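Enquirer: Heads up, the sequence shown is in the UniProt record's numbering, so the first residue is 1 and it goes up one at a time.
Once you've had a glance at the structure underneath, I'll fire off some questions.
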Amino acid sequence: MNKYSFLIFHKEYESFLLRLRELGLVHIQETQDAKSASDLTELLNERKAVDMFKRQLAAKRSEDASEETRIELTEEDGKKAYQEALEIQDKLAKIVQEIATKKKEVEAQAVWGNFTPEDLDKLASAGYVLRFYACPASTYKEDWETQYGAVVINNIRSINYFVAVQHPEDQPIPDIEQIKPQMKSLNHLKLELEDMEKKKQEMTDAFISFADNRINEISAYDRALQNKFNFGSALIQADKVAEDRLMMLQGWIPEKDAASLEETLDKEGIYYEKMDIKVDDPVPIKLKNNAYSRLFEPITAMFSLPNYNEIDPTPLFAPFFMLFFALCFGDGGYGLMLLLISSLIKMKVDKKMKPFCGLFQWLGGTAAVVGALMGSVFGMVMPWAGDQLLGSVSNDYFLNQDNMMKVAIGVGLLQIVFGKFVAGTKIAKQHGFKYGLATYAWGMIIVTGGLYLLLPALAPSAPKVVSYILLGILGICVLIAFFYNSPGKNPFFNFGAGIWNTYNMASGLLGDTLSYIRLFAIGLTGGILGSVFNNLAVDMSEGSIILKLTVFPLILIIGHSLNFGLAMISSLVHPLRLTFVEFYKNAEFEGGGKAYNPFKKQ
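See the structure below:
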């Protein structure tokens with residue numbers, strides 16, 4: 001990244017920003033929080049509301065709706081379209097609420113049966129009045145029928161609904177609260193409900209039609225609001241100098257684009273100066289990876305981007321993450337299924353989602369190979385693995401059940417040591433090679449110490465001189481780790497720091513290495529569960545061809561689907577944990593980087 005400072009006359013500042021936005025290359029350094037400005041806060045809230053509404057629209061689109069086309073609208077036209085869609089949504093919400101109220105009215109009237117207000121008027125003209133009551137059936141008295149002319153109309157959930165046929169001057173039934181009847185008949189209320197249901201369907205169709213045909217207008221309005229916010233944010237980032245007559249703005253641009261920017265600024269007579277980058281400068285981060293490593297960048301972003309002064313960990317953990325995923329998946333059949341599913345989805349999704357599908361293609365393909373080597377394909381034990389899931393397998397097979405724990409620990413130790421060398425490289429890059437020597441030394445101590453201890457088992461016939469060479473390298477590394485861990489400081493201070501580092505290394509190394517046992521345990525569990533479902537399907541479908549045609553496939557589908565889902569969760573969560581905790585700690589990853597986001601029109 002290159003850092004630039006721009007000096008612009010205050011009356012030309014807005015036109016300069018418009019030109020800068022056209023170039024779309026400069027990441028403007030923020031000196032003011034745009035969210036603290038009241039007008040920009042309102043704009044940001046409006047955009048959040050529009051974005052949320054767009055998601056609601058997208059969820060309502062028909063399956064056969066055409067793909068969203070990109071259009072340009074003025075902010076005013078976009079706002080009109082947004083208001084129109086909101087009105088449809090509000091009418092739909094209102095009619096839904098009215099339907100809920102009307103249904104309650106219908107339910108309340110249904111207990112009395114179907115009568116009309118005209119029927120009540122006829123009774124009144126004949127000198128009678130109907131009084132409506134409801135009380136628990138246990139408190140209802142049959143004497144009311146002769147004394148007050150009570151007639152039970154309905155009994156629902158131990159509640160008696162009844163009327164009293166009386167003369168207007170007669171006293172109502174004491175201690176029983178009267179119910180005011182609807183002034184509309186039950187049939188009339190049902191007709192009103194039907195009309196409301198039709199209106200609801202019309203509003204629903206209108207909302208879906210807007211989602212299918214005009215969602216691009218909402219997207220255009222969303223972009224217009226985003227551009228307005230970005231421009232407003234850029235306006236307040238400059239410092240005023242020379243009695244507010246000049247505006248000084250700072251920004252960042254990738255080195256490969258710097259020449260074209262300088263050429264444009266020179267032609268237009270804009271003053272700029274290339275600045276030296278300081279250690280505490282908030283340099284934006286733009287990761288540069290090949291096509292393979294780029295697929296793992298979302299995983300890096302989940303934790304944090306690296307800062308400008310350290311190494312991008314993405315290509316360093318990518319192969320390990322892929323291997324860890326495969327070991328946790330533990331079944332070649334599930335890996336093949338993941339590969340096929342992600343390949344099919346990749347053909348139908350838009351460009352933004354294709355990298356994620358590509359990532360799962362790699363993960364699925366690796367899981368298919370590693371899972372098959374572990375001896376399990378859809379829970380079936382492969383011939384080359386013997387009966388390792390049942391415990392009877394030759395120790396000669398490399399990825400058998402007994403050896404998998406050693407493999408998991410070995411791979412974990414390899415990543416930890418690799419992390420130490422990454423940390424040494426990072427320190428050497430930041431402060432100089434001599435400052436990274438002690439970290440390199442600790443990595444070599446683990447490697448040479450392990451080789452020295454394992455040499456009799458790995459190479460019994462190796463010459464004695466090999467042991468002496470390993471001891472010599474180990475001694476040199478110990479001297480560096482204990483007496484050169486802080487170049488330029490007192491040797492006694494370095495020795496004390498070395499002892500402290502030894503304690504941290506011993507305790508941390510043991511805990512970190514044991515964490516990788518999860519790779520063995522989770523992978524083994526997946527294979528065993530798959531085998532259990534296979535055996536269960538066979539046992540439950542014995543003795544009948546009907547059971548074999550129905551129960552057998554049903555248990556297999558449900559069981560393996562459940563196992564596949566569990567494998568997906570564990571195979572993502574645990575490799576993430578090993579990457580973000582064990583590897584990042586040993587690699588001394590700092591993070592805190594902010595993504596390069598050039599000022600440009602959306």
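From the three backbone atoms N, C-alpha and C, an ideal C-beta is built for every residue, glycine too.
Predicted, not measured: the structure shown is a model, and the values here were computed from it.
Got a sec? Which residues, its chain only, sit under 8 Å from Leu547 by beta carbon, not counting five neighbours each side?
Expert: Within the same chain, Leu547 has close Cβ partners Met540, Ser541.
Enquirer: Quick one: measure Cβ to Cβ for Ala220 and Leu73, integer angstroms, because I've assumed they're closer than 8 Å.
Expert: Contact flag correct, Cβ pair sits at about 4 Å.
Enquirer: Output the distance between the C-alpha atoms of Gln388 and Ser531, rounded to the nearest integer angstrom.
Expert: Residue confidence is low: Gln388 scores 47 on pLDDT, short of 50, so the model does not pin down where it sits. No coordinate-derived value is stated.
Enquirer: Since Gly251 is in the beta strand (DSSP E), which residue starts that stretch and which ends it?
Expert: That run of the beta strand (DSSP E) goes 246-253.
Enquirer: I'd like the span of the alpha helix (DSSP H) that includes Asp239, first residue to last.
Expert: Asp239 -> not in any alpha helix (DSSP H); beta strand (DSSP E) instead, spanning 239-241.
Enquirer: Phe317 and Leu359 look like a contact to me (Cβ under 8 Å); what is the Cβ gap, rounded to whole Å?
Expert: Not confirmed; about 13 Å, so no contact.
Enquirer: Keeping to the same chain, check which residues put their C-beta closer than 6 Å to that of Ile8; ignore five residues upstream and five downstream.
Expert: Excluding residues within five positions, the ones whose Cβ falls inside 6 Å are Phe16, Met247.
Enquirer: In chain order, what residues of the same chain lie with their CB nearer than 6 Å to the CB of Asn534, ignoring the 5 residues before and after it?
Expert: Closer than 6 Å at Cβ, skipping near neighbours: Gly379.
Enquirer: Any idea if Asn485 is buried or exposed, counting beta-carbon neighbours within 10 angstroms, 16 or more meaning buried?
Expert: It counts as buried.
Enquirer: What residues match up with Ile28 in a beta bridge as DSSP calls it?
Expert: Looking at the DSSP assignment, Ile28 forms a beta bridge with Gly251.
Enquirer: In the DSSP assignment, what are the bridge partners of Ser461?
Expert: DSSP lists no partner for Ser461.
Enquirer: Please state whether the Cβ-Cβ distance between Arg21 and Lys600 is less than 8 Å.
Expert: In contact: Arg21 and Lys600 (Cβ atoms closer than 8 Å).
Enquirer: Does DSSP put Met404 in a helix, in a strand, or in coil?
Expert: The answer is helix: DSSP assigns Met404 an H, G or I state.
Enquirer: Less than 8 Å between the beta carbons of Leu339 and Gln361, yes or no?
Expert: It is a contact, given that the beta carbons lie within the stated cut-off.
Enquirer: Would you give the residue range spanned by the beta strand (DSSP E) that Asn155 belongs to?
Expert: It spans 150-156 - the beta strand (DSSP E) in which Asn155 sits, taken as one unbroken run.
Enquirer: Starting from Pro136, trace the beta strand (DSSP E) both ways and give me its first and last residue.
Expert: From DSSP, the beta strand (DSSP E) with Pro136 extends over 129-136.
Enquirer: Apart from the five residues on each side of it in sequence, which residues of its chain come closer than 6 Å, Cβ to Cβ, to Gly391?
Expert: Because the pLDDT of Gly391 is 48, which lies under 50, any placement of that residue in the model is unreliable, and the question is left without a value.
Enquirer: Taking Cβ positions, are Gln166 and Arg131 nearer each other than 8 Å?
Expert: In contact: Gln166 and Arg131 (Cβ atoms closer than 8 Å).
Enquirer: Please state whether DSSP places Val393 in a helix, a strand or coil.
Expert: In this prediction, Val393 scores a pLDDT of 48, lower than 50, which makes its location untrustworthy; no coordinate-derived value is stated.
Enquirer: Could you name the residues that DSSP lists as bridge partners for Phe162?
Expert: BP columns for Phe162 point to Tyr133, Val152.
Enquirer: Gln388 by DSSP, collapsed to three states: which one?
Expert: Legend: pLDDT at Gln388 = 47, less than 50; position of this residue unreliable, value from coordinates given subsequently. In this structure, Gln388 counts as helix in the three-state DSSP scheme.
Enquirer: What residue range is occupied by the uninterrupted beta strand (DSSP E) comprising Ser5?
Expert: Unbroken beta strand (DSSP E) run through Ser5: 2-9.
Enquirer: Report all residues from its chain with a CB closer than 6 Å to the CB of Ser570; omit the five preceding and five following residues, and keep chain order.
Expert: Only Cys328, Ile522 meet the Cβ criterion.
Enquirer: Could you pull the start and end residues of the beta strand (DSSP E) that Tyr271 belongs to?
Expert: Per DSSP, Tyr271 belongs to the beta strand (DSSP E) from 271-275.
Enquirer: Any idea what DSSP makes of Ser66, helix, strand or coil?
Expert: Here Ser66 sits in coil by DSSP.
Enquirer: Shortest alpha-carbon distance to Arg47 belongs to which of Glu63, Glu87, Lys228, Lys190?
Expert: The shortest C-alpha separation from Arg47 is found at Lys228.
Enquirer: With 16 other CB atoms within 10 Å as the buried threshold, where does Val381 fall?
Expert: Per the 10 Å Cβ criterion, buried.
Enquirer: Does DSSP put Leu305 in a helix, a strand or coil?
Expert: Correct three-state label for Leu305: strand.
Enquirer: Are the beta-carbon atoms of Ile517 and Ala408 separated by less than 8 Å?
Expert: Their beta carbons are under 8 Å apart, which means Ile517 touches Ala408 by this criterion.
Enquirer: By the three-class DSSP mapping on this structure, what secondary structure does Ser376 have?
Expert: Note: Ser376 maps to strand in three-state DSSP.
Enquirer: Less than 7 Å between C-beta atoms, sequence neighbours within five positions excluded: which residues of the same chain meet that for Thr314?
Expert: Within the same chain, Thr314 has close Cβ partners Leu287, Asn289, Ser293, Phe296, Glu297, Thr300.
Enquirer: Could you tell me which uninterrupted beta strand (DSSP E) segments, each at least 3 residues in length, are contained entirely in the stretch 170-204, listed from first to last along the chain?
Expert: Runs found: none.
Enquirer: Contact check, Ile95 vs Lys199 under 8 Å by CB: the rounded distance?
Expert: The pair is a contact, with the Cβ atoms about 5 Å apart (cut-off 8 Å).
Enquirer: What's the C-alpha gap between Met353 and Lys54?
Expert: Roughly 18 Å separates the two Cα atoms.
Enquirer: Tell me, please, whether the stretch 143-153 touches the stretch 170-180 by the rule of three or more beta-carbon pairs shorter than 8 Å.
Expert: Result yes; three or more Cβ-Cβ pairs closer than 8 Å.
Enquirer: Compute the beta-carbon to beta-carbon distance between Leu578 and Ser515, rounded to the nearest angstrom, for a pair I have assumed lies under 8 Å.
Expert: That pair is a contact at about 7 Å.
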